[in-house]
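Structure first, then comments.
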Amino acid sequence: MSTLYSDLALADPLKRAVADMGYEHMTPIQAQAIPVVLSGQDVMGAAQTGTGKTAAFSLPLLHRLLKHENASTSPARHPVRALVLLPTRELADQVAQQVKLYAKYTQLRSAVVFGGIDMKPQTAELKKGVEVLVATPGRLLDHIEAKNAVLNQVEYVVLDEADRMLDIGFLPDLQRILSYLPKQRTTLLFSATFSPEIKRLASSYLQDPITIEVARPNETASTVEQVFYGVHEDDKRRALKQIVRQRGITQAFVFVNSKLGCARLARSLEREGLRCTALHGDKSQDERLKALAAFKAGEVDLLVCTDVAARGLDIKDVPAVFNYDVPFNAEDYVHRIGRTGRAGASGLAVSFAGGGNDARLVADIEKLIKKKIELQPLEMDDERPRGRMNDGRRRWREDGETGDARDALDAPRSNQGSSEGYRAPRPQRTTHASRDPFFDKPYEASDRGEEKPAWEASAKAPAPRQPGSTNIRSKRKVAALFKAAETQQN
DNA sequence: AAAAAAC
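Residues in the first sequence are numbered consecutively from 1, following full-length UniProt numbering.
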């Protein structure tokens, strides 16, 4: 079977766009999925991201939109004919940009809507009419309810990161959205991981689906070296810096399980002079996009993030991923380490297992990825005594580190984003005394009768959520909800 | 347990 794009029965404008991007050969997921989508069948696709999944569904989908005019609407109108749903805003943004590129030589219009930013520009664009709409669930529902988006002409729905979209937190919103769509439609589901429940639930949304499995589901890329270290909670930050230095890591995602932990770690590393930035869901959308852009542009070396960044983000040539915390779900491990080793490149995934439940979580990962995990001790190159004083302050702090292959990681934060791309020489290390004595201690504004610092206020701000079904957590209720969802749909 | 997604 040919894998050449030029041999494919794709509309000319699409072929030109593909050629512009320098693609000649299809990736395996593309070679398998494109013909199936062109034929109009439902698809359940298991494929690692970074393998060209977005092109795999958008190209054939655009082709069908071009070839099959929607008879029920006049050519002057532009009803939404294809809807692509994603679980995070950054991902929606990324996919929308790709769709725009593929569609650039066609008359088809596309738009993206997600929360955290002004609704008005999105509304204006929707009112002009778009054929392809990329969205996150919450904001889309807002637009539907405001009658900005009419979805009764939708012919194609894509659920990317489908297992997340069908997860308990998203399911109610997703079901409401699907209830606005025509029953007669093509549905495409893609994910790198499928748990058995999700797979069963997913199949209830599909009609005679073709299953495409390029990688075995839940499989981790063979090009990614996976290392697990047993590291005490107090040593994790030092361990992170040591490994970055020893292995000469130029850029990495650093995954942390909580938003607050994420904000704190980023702040600590920043104070130590590392070029890093935090990305988590309690930052403003503007800050989120800026953080991601800075990382993409290489202005920061470490992106300290929550699982908001675990899925789908396609950033070229990131050599490493750290699991500073072992993820709560084994599936998230697969997604997290999928941020490196993309498009056939090699990558490194380093995970720190601390105390608590970590051993069990590691065992879960082992079971899911079907690979033996050896937990290694980490030889620390600095064995000065450590611990906390009774008042909670650190007895000492790591400084005066000598060896440092990497000026980049030692450049002061203030240089970050300098438009000349200038990197100052490594600064003199500051002394302990000049640092905040409450460095490692949870900062309580009441301690000092001050306002909370902005970083912490934002990290702590509770997400405003309507009390509702999305917070249902009991096992029984979750099971009931899944059951109901399965029997209701189609 | 946590995160994500709407004003």
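Using N, Cα and C, we set each Cβ at its ideal position, and we do this for glycine too.
All of these numbers come straight from a predicted model, not from anything done at the bench.
Check your understanding: In angstroms, rounded to a whole number, what distance separates the CA positions of M44 and A31?
Key -> 15 Å
Practice item. Tell me whether L14 is buried or exposed, calling it buried when 16 or more other Cβ atoms sit within 10 Å of its Cβ. Key: buried
Review point. Regarding A56 and the ligand COA, is the C-beta to nearest heavy atom distance less than 7 Å?
Key: Absence of the ligand COA from the depicted structure is noted, as is the absence of any ligand whatsoever, leaving it without description.
**Study point:** Touch test, the region 338-347 against the region 273-292, Cβ-Cβ under 8 Å, three pairs minimum
**Key:** Output reads no: the region 273-292 does not touch the region 338-347.
Check your understanding: Among residues of its own chain, excluding the 5 on either side of Q376, which ones have a beta-carbon nearer than 8 Å to its beta-carbon?
Key -> Within the same chain, Q376 has close Cβ partners V227, F228, Y229, G230.
Review point. What are the boundary residues of the alpha helix (DSSP H) that includes T54?
Key: 53-67
Point to revise | Where K15 sits in the DSSP three-state scheme | key: Collapsing the DSSP output to three states places K15 in a helix.
**Study point:** G312 versus H335 - alpha carbon distance
**Key:** 8 Å
Review point. Based on the DSSP output, what are the partners of S351 in its beta bridges?
Key: F228, N323
Review point. Going by other Cβ atoms of all chains shown within 10 Å of its Cβ, with 16 needed for buried, is S351 buried or exposed?
Key: When all chains shown are included, S351 counts as buried.
Review point. Name the DSSP beta bridge partners of E213, please?
Key: A46
Practice item. Would you check if the distance between the CB atom of T136 and the CB atom of L86 is smaller than 8 Å? Key: yes
Review point. Given that a residue counts as buried once 16 or more other Cβ atoms are within 10 Å of its Cβ, and exposed if not, what is T220?
Key: buried
Review point. For D20, which three-state DSSP category applies?
Key: Helix.
Point to revise | Separation of P319 from M119, as counted between CA atoms | key: 37 Å
Point to revise | Run of the beta strand (DSSP E) containing D160, from where it starts to where it stops | key: Start and end: 156-160.
Review point. From L181 to L38, what does the alpha carbon distance come to, in whole angstroms?
Key: 21 Å
Review point. Using the beta-carbon count (16 or more within 10 Å), is N323 buried or exposed?
Key: buried
Practice item. Taking D42 and Q207 to be in contact with their CB atoms under 8 Å, please state how far apart those CB atoms are, rounded to whole angstroms. Key: Yes, D42 and Q207 are in contact; Cβ-Cβ is about 5 Å, under 8 Å.
**Study point:** Span of the beta strand (DSSP E), counted from its first residue to its last, around L133
**Key:** 132-135
Point to revise | Span separating the alpha-carbon of S434 from that of R264 | key: With a pLDDT of only 26 at S434, under 50, the local geometry of the prediction cannot be trusted, and no value is derived from it.
Point to revise | F253, DSSP secondary structure in three states | key: In this structure, F253 counts as strand in the three-state DSSP scheme.
Exercise for review: Tell whether a beta-carbon distance below 8 Å holds between Q48 and A239.
Suggested key: Going by C-beta atoms, Q48 is not nearer than 8 Å to A239.
Practice item. Determine the closest residue to Q107 out of V256, L303, A11, with distance taken between C-alpha atoms. Key: A11
Check your understanding: Candidates H25, A56, L378: which alpha carbon is nearest Q242's?
Key -> L378
Review point. Would D20 be called buried (16 or more neighbouring beta carbons within 10 Å of its own) or exposed?
Key: Burial call: exposed.
Practice item. Keeping to the same chain, check which residues put their C-beta closer than 6 Å to that of D307; ignore five residues upstream and five downstream. Key: Exclusion of the five residues before and after D307 leaves D332 as the residues of its chain whose Cβ lies within less than 6 Å of its Cβ.
**Study point:** Bridge-paired residues (DSSP) for C276
**Key:** According to DSSP, C276 bridges with L302.
Practice item. Report all residues from its chain with a CB closer than 8 Å to the CB of E131; omit the five preceding and five following residues, and keep chain order. Key: L65, H78, P79, V80, R81, A82, L108, R109, S110
Point to revise | DSSP-derived helix/strand/coil call for Q122 | key: helix
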